[in-house]
């Protein structure tokens, strides 16, 4: 039994040790990033958060290292291994790792923690900042695209769950924007109640298409893969979410027009700079148009791109920056 | 009196609404029903010959995984079409192999059939989850690709009445399309052939079957393996025809809903298919009422019901059906009872 335990421990250390990779550099800040489950080059949250961490590290003259999480059960241990190595800043990626990050932040007040997509409830430790995004603004940009390219004046949006505020924010912004660029447009919205059911997403999108919708926006995780699949099969337009899904979802390349983006790379880079310039960061920090925290992916699959579409998008971003435009009044 | 009038009007509105949305829903319903129906056929074949199989969920999951893995691994080398075809074949084989295991456990070793099935479900969840993490997750996002569904020409699809029905069966991938033929073939085989008669005999009264010279063990082995191959096909449908990806635990209770469909259909292939369609309809309606809200009072009522009630519709239906609201349906008499050949005990 004892030998088995020792073996298990040794194995655990080897696994933890393997995950590393990163950017050298002598003194300066040591910045560690723990990814969400999956791989580093996921063309999604992990990859872009990591790019931002690397940018931030070189901007402040520090070094960056990452650990790729393979399983939910490893979050805690991966964070702890950076703590043990006396890192100055630890960035964790994704909503799910939030609980373990909060616990680590409380236990290690000397280390700065940043959590991508983590809303921190009160009381917030002085050394832990959540990096959030203004989804309504990103959804607004998607809505401008949809409202401009629809020919049938009917567009759709499929959401994961109605009780998840970011999902609802995306869709509200989308709806309002479409109505502002094309008054009288009909927006079909469906929350399928599941982030993990591509078949329901497909059924939902097919129904919308049957109703005449010619653009669908997915805010539904894996359910959304089914939404975009239905869109591609029916040869109508799809809009992705969070990251450039033209890159992250090859199956949907044929019909994605753009994606409502969270600019993860900017968010983590700026967070590291804030820490370097102003010291400990706390609270929930919202990335929005004012700090290039949200945006839209390059317009694709449109031949030609409708005249004035890019201008409308740029104008909207400018107006959201100045505070003139509120996506959800 | 006024209440009754309102109620009648609401029911009338509901009927009109269903008739208007149903044609568009038909292909969606069949796609949602396909894995359930195939799973239910597995149940029918198993239980008709006297073996209870609650491991359908696990068999589907294993087949879904290995089918996907095959398609995924060979995608670049062989191209999308052949790799998917091979993936489907592997999924069916995995189903059949697990059928051999289940048959061995239940027929030869006479293990408790519920425990054998439960073991299958638990093992499948663990094995596929582990291998998924080991093989598929680290290797990136590129999927196995999916089958592009067939599309009927508009001239046919727009025919009145027949059009929507043809679309239902032919705007599908190959697995969903072949389902109807499988159901009809099995129905005929079970009630019109010598194999069917023997199957029912060993499920109802194995001792009598044995005395007239039917090899009970052989018959049970055969049917369990064949049935599980259908569950394998259901798994292939999930990963290779429907979603194009594998997720841990993606069968999500379909194997159990399939059993409910089997009971609803009184252990007949056509009945089980009808049961699966009923569940497919519940799921599709749950999705559609949010998108196409009807006019009038009915629309108001539908809008006021929170969306998660619609999402729960198929599960609520399972409970209602299993609670026996549809009437008592009688399983085969020797269902779940291992057969001990006389003098062998």
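Protein chains in written order, with our numbering: chain A, 3 to 331; chain B, 290 to 634.
Glycine residues also receive a C-beta, built at the ideal position from the N, C-alpha and C atoms.
Three-state class that DSSP yields for residue i in the structure shown
{"i": "residue 584(B)", "result": "coil"}
{"i": "residue 46(A)", "result": "coil"}
{"i": "residue 540(B)", "result": "coil"}
{"i": "residue 134(A)", "result": "strand"}
{"i": "residue 26(A)", "result": "Because residue 26(A) carries a pLDDT of 47, less than 50, the predicted location of this residue cannot be relied on, and the following value inherits that uncertainty. DSSP places residue 26(A) in coil when its eight states are reduced to three."}
{"i": "residue 316(A)", "result": "helix"}
{"i": "residue 298(A)", "result": "strand"}
{"i": "residue 398(B)", "result": "coil"}
{"i": "residue 78(A)", "result": "helix"}
{"i": "residue 326(A)", "result": "coil"}
{"i": "residue 389(B)", "result": "helix"}
{"i": "residue 93(A)", "result": "strand"}
{"i": "residue 54(A)", "result": "helix"}
{"i": "residue 108(A)", "result": "helix"}
{"i": "residue 332(A)", "result": "With chain A covering 3 to 331 only, the question about residue 332(A) has no answer from this structure."}
{"i": "residue 413(B)", "result": "helix"}
Local Cβ density within 10 Å of residue i, reported as buried at 16 or more and exposed below that
{"i": "residue 444(B)", "result": "exposed"}
{"i": "residue 365(B)", "result": "exposed"}
{"i": "residue 258(A)", "result": "buried"}
{"i": "residue 320(A)", "result": "exposed"}
{"i": "residue 419(B)", "result": "exposed"}
{"i": "residue 598(B)", "result": "exposed"}
{"i": "residue 332(B)", "result": "buried"}
{"i": "residue 617(B)", "result": "exposed"}
{"i": "residue 295(A)", "result": "buried"}
{"i": "residue 440(B)", "result": "exposed"}
{"i": "residue 26(A)", "result": "Confidence at residue 26(A) is low in this model, with a pLDDT of 47, below 50, so the placement of that residue is unreliable and no value is reported for it."}
{"i": "residue 294(B)", "result": "exposed"}
{"i": "residue 603(B)", "result": "buried"}
{"i": "residue 163(A)", "result": "buried"}
{"i": "residue 596(B)", "result": "buried"}
{"i": "residue 668(B)", "result": "Here chain B covers residues 290 to 634 and nothing more, so residue 668(B) does not appear."}
{"i": "residue 628(B)", "result": "buried"}
{"i": "residue 447(B)", "result": "exposed"}
{"i": "residue 278(A)", "result": "buried"}
{"i": "residue 423(B)", "result": "exposed"}
{"i": "residue 351(A)", "result": "Outside the modelled stretch of chain A, which goes from 3 to 331, sits residue 351(A), for which no answer is possible."}
{"i": "residue 605(B)", "result": "exposed"}
Cβ-Cβ distance between residue i and residue j below 7 Å
{"i": "residue 270(A)", "j": "residue 54(A)", "result": "yes"}
{"i": "residue 212(A)", "j": "residue 504(B)", "result": "no"}
{"i": "residue 336(B)", "j": "residue 621(B)", "result": "yes"}
{"i": "residue 187(A)", "j": "residue 180(A)", "result": "yes"}
{"i": "residue 546(B)", "j": "residue 562(B)", "result": "no"}
{"i": "residue 457(B)", "j": "residue 574(B)", "result": "no"}
{"i": "residue 197(A)", "j": "residue 152(A)", "result": "no"}
{"i": "residue 96(A)", "j": "residue 50(A)", "result": "no"}
{"i": "residue 488(B)", "j": "residue 397(B)", "result": "no"}
{"i": "residue 208(A)", "j": "residue 233(A)", "result": "no"}
{"i": "residue 385(B)", "j": "residue 517(B)", "result": "yes"}
{"i": "residue 389(B)", "j": "residue 625(B)", "result": "no"}
{"i": "residue 159(A)", "j": "residue 121(A)", "result": "no"}
{"i": "residue 1(A)", "j": "residue 240(A)", "result": "For chain A, the structure presents residues 3 to 331; residue 1(A) sits outside this window and is missing."}
{"i": "residue 438(B)", "j": "residue 623(B)", "result": "no"}
{"i": "residue 526(B)", "j": "residue 324(B)", "result": "yes"}
{"i": "residue 540(B)", "j": "residue 350(B)", "result": "yes"}
{"i": "residue 114(A)", "j": "residue 285(A)", "result": "no"}
{"i": "residue 150(A)", "j": "residue 300(A)", "result": "no"}
Contact belief for residue i with residue j at Cβ below 8 Å, rounded distance in angstroms
{"i": "residue 174(A)", "j": "residue 330(A)", "result": "5 Å"}
{"i": "residue 228(A)", "j": "residue 532(B)", "result": "6 Å"}
{"i": "residue 560(B)", "j": "residue 352(B)", "result": "Actually they are not in contact, since the Cβ atoms of residue 560(B) and residue 352(B) sit about 24 Å apart, beyond 8 Å."}
{"i": "residue 641(B)", "j": "residue 195(A)", "result": "Because chain B in this structure spans residues 290 to 634, residue 641(B) falls outside the shown range and cannot be described."}
{"i": "residue 33(A)", "j": "residue 59(A)", "result": "5 Å"}
{"i": "residue 172(A)", "j": "residue 221(A)", "result": "5 Å"}
{"i": "residue 62(A)", "j": "residue 275(A)", "result": "6 Å"}
{"i": "residue 326(B)", "j": "residue 513(B)", "result": "Wrong, their Cβ atoms sit about 18 Å apart, outside the cutoff."}
{"i": "residue 30(A)", "j": "residue 65(A)", "result": "6 Å"}
{"i": "residue 293(A)", "j": "residue 313(A)", "result": "Not confirmed; about 22 Å, so no contact."}
{"i": "residue 145(A)", "j": "residue 193(A)", "result": "Not really, about 17 Å apart at Cβ, beyond 8 Å."}
{"i": "residue 288(A)", "j": "residue 134(A)", "result": "5 Å"}
- Task: Return the chain-ordered ranges of every beta strand (DSSP E) run that is complete within the region 220-290 of chain A and spans a minimum of 3 residues.
- Result: DSSP runs (the beta strand (DSSP E)) wholly in the region 220-290 of chain A: 239-244, 258-264, 285-289.
- Task: Output the residue ranges of the beta strand (DSSP E) runs that lie fully inside the region 487-519 of chain B and measure 3 residues or longer, sorted by chain position.
- Result: Segments of the beta strand (DSSP E) lying fully in the region 487-519 of chain B: there are none.
- Message: In chain order, what are the residue ranges of uninterrupted alpha helix (DSSP H) at least 4 long that sit wholly in the region 168-230 of chain A?
- Response: As far as the region 168-230 of chain A is concerned, its whole alpha helix (DSSP H) runs of at least 4 residues are 200-212.
- Task: Can you check the region 115-165 of chain A for any beta strand (DSSP E) of at least 3 residues that lies completely inside it and give the ranges in chain order?
- Result: Counting only runs of 3 or more, we get 130-135, 156-161.
- Query: Whole alpha helix (DSSP H) runs in the region 566-612 of chain B with 4 or more residues, listed along the chain?
  - Reply: Every alpha helix (DSSP H) of 4 residues or more that sits fully in the region 566-612 of chain B is shown, in chain order, as 585-593, 596-600, 602-611.
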